[in-house]
Amino acid sequence: MMTVDRHRAPARLHHRVALIVCAEARDSARELLRCAAYDTRVQLSCVQEQWLGLPPARCMLSGEFTGSVAAAARLVQGLARLLEPSQLVLIRLDTLGGLARSAAPMMPAPAMEPAARRALQRLRPPSEHRPPATGVPA
1 MMTVDRHRAP
11 ARLHHRVALI
21 VCAEARDSAR
31 ELLRCAAYDT
41 RVQLSCVQEQ
51 WLGLPPARCM
61 LSGEFTGSVA
71 AAARLVQGLA
81 RLLEPSQLVL
91 IRLDTLGGLA
101 RSAAPMMPAP
111 AMEPAARRAL
121 QRLRPPSEHR
131 PPATGVPA
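First residue of the sequence shown? That's 1 in the UniProt record's numbering, and the numbers climb one at a time after it.
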């Protein structure tokens, strides 16, 4: 009989990778996403494209796949290496789930890192930029 270690992550998880790129880099980013997936031997499904902002200045490309955490990390590293930093705004990797018996209890989301916060601020129009809260009422 096989024993299951509840503290180890399952070998295959369901992931979603999303890229936010400048509008003029949309076609090349779509091709690089396909090539990076091929290089890391993952098969993307549910590939979607969504325009962001008015007028559309950025584009979000996303795809889902099932694979190991190591394969997901290799995919993100390959995308970061292939895309030029000036065209790339954000790479996001979400783990959507795995086997039901290995589901961990819900944990609070970690604090947003400064680089991710800056990337999100670039997506907002200038009218929505707010100074950091100081705790002093206005």
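Each residue gets a CB set at the ideal place from its N, CA and C atoms; glycine is no exception.
Taking the alpha helix (DSSP H) that residue i belongs to, which residues open and close that run?
i, result
"residue 41", "From DSSP, residue 41 is part of no alpha helix (DSSP H); its letter is neither H nor E."
"residue 88", "Residue 88 -> not in any alpha helix (DSSP H); beta strand (DSSP E) instead, spanning 88-97."
Within the continuous beta strand (DSSP E) that includes residue i, where are the two ends?
i, result
"residue 58", "58-67"
"residue 12", "Taken as a continuous stretch (DSSP letters only), residue 12 belongs to no beta strand (DSSP E), as it is neither H nor E."
What three-state label does DSSP hand residue i in the structure shown?
i, result
"residue 54", "coil"
"residue 84", "coil"
"residue 31", "helix"
"residue 24", "helix"
Please classify residue i as buried or exposed, where buried requires at least 16 neighbouring CB atoms within 10 angstroms.
i, result
"residue 109", "Legend: pLDDT at residue 109 = 49, less than 50; position of this residue unreliable, value from coordinates given subsequently. Its Cβ having fewer than 16 others within 10 Å, residue 109 is exposed."
"residue 53", "exposed"
"residue 25", "buried"
"residue 140", "Nothing can be reported for residue 140, as the shown portion of the chain is limited to 1 through 138."
"residue 67", "buried"
Does the distance from the C-beta atom of residue i to that of residue j stay below 8 Å?
i, j, result
"residue 44", "residue 63", "yes"
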